[in-house]
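Worksheet: the structure to be examined is printed underneath.
Protein chains: 2
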Amino acid sequence: MKRKNIVFIAKSLDGFIAGKNNELDWLEMIPNPEHNDLGFDSLMNEIDAIVMGKTTFETVLDFGGEWPYKKHIFVLSNSLKTVPENLQEKVTLLKGTVQEILKTIHVKGFYNLYIDGGKTVQNFLKEDLIDELRMTTIPVLLGEGISLFDTLPKLLEFSHVKTEVFLGQLVQSSYGRKR
Amino acid sequence: MKRKNIVFIAKSLDGFIAGKNNELDWLEMIPNPEHNDLGFDSLMNEIDAIVMGKTTFETVLDFGGEWPYKKHIFVLSNSLKTVPENLQEKVTLLKGTVQEILKTIHVKGFYNLYIDGGKTVQNFLKEDLIDELRMTTIPVLLGEGISLFDTLPKLLEFSHVKTEVFLGQLVQSSYGRKR
Chain C
3 MKRKNIVFIA
13 KSLDGFIAGK
23 NNELDWLEMI
33 PNPEHNDLGF
43 DSLMNEIDAI
53 VMGKTTFETV
63 LDFGGEWPYK
73 KHIFVLSNSL
83 KTVPENLQEK
93 VTLLKGTVQE
103 ILKTIHVKGF
113 YNLYIDGGKT
123 VQNFLKEDLI
133 DELRMTTIPV
143 LLGEGISLFD
153 TLPKLLEFSH
163 VKTEVFLGQL
173 VQSSYGRKR
Chain R
3 MKRKNIVFIA
13 KSLDGFIAGK
23 NNELDWLEMI
33 PNPEHNDLGF
43 DSLMNEIDAI
53 VMGKTTFETV
63 LDFGGEWPYK
73 KHIFVLSNSL
83 KTVPENLQEK
93 VTLLKGTVQE
103 ILKTIHVKGF
113 YNLYIDGGKT
123 VQNFLKEDLI
133 DELRMTTIPV
143 LLGEGISLFD
153 TLPKLLEFSH
163 VKTEVFLGQL
173 VQSSYGRKR
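In structure tokens:
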């Protein structure tokens with residue numbers, strides 16, 4: 003079975019995914035009156051499940067409102083013990099190394115995965131386990147914050163797949179890992 | 003007289019302009035058999051002079067061969083005392099704050115400037131003195147190196163001007179400072 007790990011994330015021009023106090027308001031600085039989903043629904047149709055860390059999971063919980071995901075979520079955390087009752091069929095907690103986690107997810111029959119959240123993306127990249135990077139750049143320099151990327155044990159070459167500009171302002175580029 | 007400070011620079015996906023030991027070989031990882039200049043000549047026609055730091059100047063000197071610039075160069079350095087004899091009409095050494103340096107350059111009649119080199123770009127951005135950012139992204143994650151961006155005293159909003167893909171692989175986006 004073909005396996006694919008896809009990152010889909012927004013970042014500032016200087017590579018931050020959140021402000022230093024986890025601010026996310028700048029992600030919405032470009033008016034989007036018609037609620038263009040920037041390729042999110044299309045991504046959802048390509049994947050079997052979503053993998054995220056505790057921070058991202060808790061951020062989504064904090065948004066409140068309806069649960070936004072139609073796919074199963076795997077939350078990587080060594081400390082979380084339980085998920086809210088209404089999400090128990092939608093969310094699975096996992097712990098262990100990236101390799102162990104992936105094995106568990108594959109055994110459950112999920113092969114095409116959306117990898118989300120800074121730390122989780124970084125941990126997958128360190129193991130060279132990301133096959134596609136889809137990044138949407140917001141035209142702002144934050145100057146400080148939480149970085150999308152971290153150090154890597156080796157250089158990773160990618161191949162440009164496509165670039166689209168949404169709302170005249172948001173540049174979204176997709177890259178496939180060159181193997 | 004209208005004044006404009008333009009950055010034109012290549013960076014990795016993770017925002018580095020050079021490897022940790024100043025490696026630049028990855029800048030040429032995409033074959034460019036027809037020597038597409040990626041907009042460099044067009045930039046040269048828009049500007050009056052180039053401003054760079056000592057490191058960039060010395061890197062260009064190290065390349066050897068013919069002097070690559072048709073425009074006057076201002077090199078910002080507090081330590082350099084002299085430039086090679088054959089460049090004395092083409093290169094001016096300047097020291098002082100970014101504001102003082104800019105004033106000197108403007109008084110000499112140069113208004114449209116290409117601002118080059120990591121430290122110099124960072125110092126101009128800290129003073130909010132960059133009007134246009136033109137960045138070409140090389141499809142590689144270096145994992146470590148010399149960063150294009152640094153911390154800023156405040157968030158800076160830009161407006162997307164255009165995006166072009168060169169050689170199918172190099173995404174070049176231009177942004178104007180939103181004032």
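Protein sequence lines correspond, in order, to chains C and R. So in our numbering, spot 169 of the first sequence is number 171, and the numbers just go up one at a time. So in our numbering, spot 47 of the second sequence is number 49, and the numbers just go up one at a time. Even for Gly, the Cβ is constructed at its ideal location relative to N, Cα and C. The structure presented is a predicted model; accordingly, all values stated were derived computationally and were not measured.
- DSSP lists I117/C and L135/C as the bridge partner or partners of V9/C.
- Measuring C-alpha to C-alpha distances from F160/C to each of G55/R, I140/R and E159/R identifies I140/R as the nearest.
- Only buried fits G17/R, as 16 or more other CB atoms lie within 10 angstroms of its CB.
- Spatial neighbours of D133/C in its own chain (CB-CB distance under 6 angstroms, excluding positions within 5 residues in sequence) are listed in chain order as K6, N7 and R179.
- With respect to chain C, the C-beta atom of F160/R has a partner C-beta closer than 9 angstroms.
- Counting every other CB atom within 10 Å of its CB across the protein chains shown gives F76/R a total of 16 or more, marking it as buried.
- Secondary structure at V53/C: strand, using DSSP grouped into helix, strand and coil.
- Listed by position along chain R, the residues whose Cβ is nearer than 8 angstroms to that of S175/C are T139 and V173.
- One thing to note: F151/C has its Cβ within 9 angstroms of the Cβ of G145/R.
- Each of Q174/R, D64/R and L82/R was checked against the Cα of V163/R, and the nearest Cα belongs to Q174/R.
- With fewer than 16 other CB atoms across the displayed protein chains lying within 10 angstroms of its CB, T84/C is exposed.
- Ranked by how close their Cα comes to the Cα of S149/C, the residues G119/C, E87/C, V100/C and L96/C have G119/C in first place.
- The beta carbon of T106/R lies closer than 7 angstroms to those of L96 in the same chain, with the five residues before and after it left out.
- Taking C-beta separations shorter than 8 angstroms and ignoring five residues to either side along the sequence, the partners of L26/R in its chain run A20 and T61, following chain order.
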